[in-house]
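Visitor: Just so we're aligned, residue 1 is where the sequence shown starts under full-length UniProt numbering, counting upward by one.
Handing you this structure, nothing more for now.
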Amino acid sequence: MSSKNRSFAAGLMGSLDAAAPQPEAPTRMPVGILASRENRMAELASGAVVGRAIEQVDPARCRLWSEHNRDYAALDETRCADLIESFKAQGRQEVPAIVRRVRGVPDIEFEVICGARRHWTVTWLRAHNYTDFRFLVEVRDLNDEEAFRISDLENRAREDLSDIERARDYLKALGRHYGGRQKDMAGRLNVSEAWLSRYLDLARLPGDLVAAFADPHELKIKHVTQLKPLLKPDDRARRVLAEAGVIANQKGEGTPLKPQDVIRRLAAAADAPKKSGSPKRSGKAPAEVVSSPSGRPLFRVEAKGKKEVNVTLLLQAGGSRADAERAFGGLLARFWLQDGAETV
1 MSSKNRSFAA GLMGSLDAAA PQPEAPTRMP VGILASRENR MAELASGAVV
51 GRAIEQVDPA RCRLWSEHNR DYAALDETRC ADLIESFKAQ GRQEVPAIVR
101 RVRGVPDIEF EVICGARRHW TVTWLRAHNY TDFRFLVEVR DLNDEEAFRI
151 SDLENRARED LSDIERARDY LKALGRHYGG RQKDMAGRLN VSEAWLSRYL
201 DLARLPGDLV AAFADPHELK IKHVTQLKPL LKPDDRARRV LAEAGVIANQ
251 KGEGTPLKPQ DVIRRLAAAA DAPKKSGSPK RSGKAPAEVV SSPSGRPLFR
301 VEAKGKKEVN VTLLLQAGGS RADAERAFGG LLARFWLQDG AETV
């Protein structure tokens, strides 16, 4: 992680504030906690720290922000097991979610900016015999751009969001909050333009290409540098997207391809097979790619002199063994000399 990104993690901690919520009925308070609270009161009095409203609310009166990137419907006991056990052990939610007030919507008081898993966990506990649990929130006055930056800070500390989810968030935010100005967005997020550009490139990959991967969430920033060059010029892009469609249609047949295997197939399809025929000035014939009837590369053939032919098998290009065997028979007919024939 770069020094700038480390500073973001520190910024997140600052933005969430250092104060832990107090138990509702404490019976005993360690000296260290008392001292820290005295220090915090002094900071508040001096203006060094701005106080924020911490409330315990009914989770049913909260909704998720429309730009929240968490797939709330996919949350379950397994995905939230760590929080369920932690909340039970502590008897409460320790870290508040970040929310903003909602006005004019019946039965809804707050909009959750950060803390969807915490909201789900408290809701689940209340429905499973822990009715005393309340949703701990920190109420902030945020516009949409500020809400996006706060959410982004929290997301960078999470490992369960994939690169492509983050990338798509950045691409949406670029238009919604920064007028399409990448430089302005990078400045507001305090990241380099190059760092942001890689995420935006990932989000801009064609949907047909992304569909070729068994699990799009396995696509990483590192894959962008391999995939982006395959989409230029247009003729290469057409061949790559056609191959991506073939791969997508094969999903469910056999073992799912790993991302790097998909990329190898797309790269093999990017360059059109070279036509054999007129030799180069050097007298050496160009290499020829032999493909299956469906267009999947099988092997590369290159003549070396008059008595030798090199055949390179393209094992990861998607062709079947049966196709390769049939095509190889055609190669033998073309290149293998009949008994008693003279070399050409």
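Glycine residues also receive a C-beta, built at the ideal position from the N, C-alpha and C atoms.
For residue 31, which residues from the same chain have a beta carbon less than 7 Å from its beta carbon, with the 5 sequence-adjacent residues on both sides left out?
Guide: The residue given as residue 31 occupies position 31 in the sequence shown. Bear in mind that the predicted position of residue 31 carries a pLDDT of just 44, short of 50, making it unreliable; the figure below should be weighed with that in mind. Here the set comprises nothing.
Visitor: How big is the Cα-Cα spacing for residue 163 and residue 249?
Guide: What you label residue 163 is simply residue 163 of the sequence shown in a count that begins at 1. What you label residue 249 is simply residue 249 of the sequence shown in a count that begins at 1. The alpha-carbon atoms of residue 163 and residue 249 are separated by roughly 24 Å.
Visitor: In terms of alpha-carbon separation, which member of 263, 175, 198, 110 lies closest to residue 214?
Guide: Counting from one through the sequence shown, the residue named residue 214 turns up at place 214. The candidate whose alpha carbon is nearest that of residue 214 is 263.
Visitor: By the 10 Å Cβ neighbour count, where 16 or more other Cβ atoms means buried, how is residue 50 classified, buried or exposed?
Guide: Here residue 50 is taken as the residue at index 50 of the sequence shown, counted from 1. A caution first: residue 50 carries a pLDDT of 46, below 50, which makes its placement in the model too unreliable to give a value.
Visitor: Grouping DSSP H, G and I as helix and E and B as strand, with all else coil, what is residue 95?
Guide: What you label residue 95 is simply residue 95 of the sequence shown in a count that begins at 1. Residue 95: coil per DSSP, three-state reduction.
Visitor: Relative to the alpha-carbon of residue 67, which residue among 55, 144, 79 has its alpha-carbon at the smallest distance?
Guide: Counting from one through the sequence shown, the residue named residue 67 turns up at place 67. Among 55, 144, 79, the Cα nearest to that of residue 67 is on 144.
Visitor: How long is the line joining the alpha carbons of residue 265 and residue 302, rounded to whole angstroms?
Guide: Within the sequence shown, numbered from 1, the residue matching residue 265 stands at position 265. Within the sequence shown, numbered from 1, the residue matching residue 302 stands at position 302. Looking at the two C-alpha atoms, the distance is approximately 20 Å.
Visitor: Say whether the stretch 178-190 touches the stretch 216-234, bearing in mind that this needs 3 or more beta-carbon pairs closer than 8 Å, one atom from each stretch.
Guide: No, the stretch 178-190 does not touch the stretch 216-234.
Visitor: Against chain D, with Cβ distances strictly below 7 Å, would residue 302 count as a contact?
Guide: Any reference to chain D falls outside this structure, which holds one protein chain only.
Visitor: Use the C-beta contact count for residue 332: other C-beta atoms within 10 angstroms, 16 or more gives buried, fewer gives exposed.
Guide: What you label residue 332 is simply residue 332 of the sequence shown in a count that begins at 1. Label assigned to residue 332: exposed.
Visitor: Apart from the five residues just before and just after residue 107, which ones in its own chain have a Cβ nearer than 7 Å to its Cβ?
Guide: Translated into the one-based positions of the sequence shown, residue 107 becomes position 107. These residues qualify, in order along the chain: 61.
Visitor: Identify every residue that forms a DSSP beta bridge with residue 304.
Guide: Residue mapping note: residue 304 aligns to position 304 of the sequence shown, counting from 1. The partner list for residue 304 (beta bridge, DSSP) reads 308.
Visitor: Is the beta carbon of residue 123 closer than 7 Å to that of residue 87?
Guide: Here residue 87 refers to the residue found at position 87 when the sequence shown is read from its first residue. Here residue 123 refers to the residue found at position 123 when the sequence shown is read from its first residue. No, the Cβ-Cβ distance between residue 87 and residue 123 is not below 7 Å.
Visitor: In the DSSP output, what is residue 153 paired with across the bridge?
Guide: Residue 153 sits at position 153 when you count from the first residue of the sequence shown. Its beta-bridge partners do not exist; DSSP assigns none.
Visitor: Just to confirm, are residue 135 and residue 59 a CB contact at a threshold of 7 Å?
Guide: For the purposes of this step, residue 135 is taken as residue 135 along the sequence shown, with counting starting at 1. For the purposes of this step, residue 59 is taken as residue 59 along the sequence shown, with counting starting at 1. Cβ distance < 7 Å, so residue 135 and residue 59 count as in contact.
Visitor: Per DSSP, which residues does residue 230 bridge with? Please list them.
Guide: Here residue 230 is taken as the residue at index 230 of the sequence shown, counted from 1. Note: residue 230 sits in no beta bridge, so no partner.
Visitor: In angstroms, rounded to a whole number, what distance separates the CA positions of residue 201 and residue 243?
Guide: On the sequence shown, residue 201 is found 201 positions in, with the first residue counted as 1. On the sequence shown, residue 243 is found 243 positions in, with the first residue counted as 1. If you take the alpha carbons of residue 201 and residue 243, they lie about 20 Å apart.
Visitor: Would the beta-carbon of residue 322 fall within 7 Å of that of residue 298?
Guide: For this step, residue 322 is matched to residue 322 along the sequence shown. For this step, residue 298 is matched to residue 298 along the sequence shown. Taking 7 Å as the Cβ cut-off, residue 322 and residue 298 do not qualify as a contacting pair.
Visitor: Would you kindly work out how many angstroms separate the C-alpha atoms of residue 227 and residue 270, rounded to a whole number?
Guide: Taking the sequence shown and counting its residues from 1, one reaches residue 227 at position 227. Taking the sequence shown and counting its residues from 1, one reaches residue 270 at position 270. One C-alpha to the other measures close to 10 Å.
Visitor: Rounded to a whole number of angstroms, what is the C-alpha to C-alpha distance between residue 110 and residue 150?
Guide: The residue given as residue 110 occupies position 110 in the sequence shown. The residue given as residue 150 occupies position 150 in the sequence shown. Distance between the alpha carbons of residue 110 and residue 150: 16 Å.
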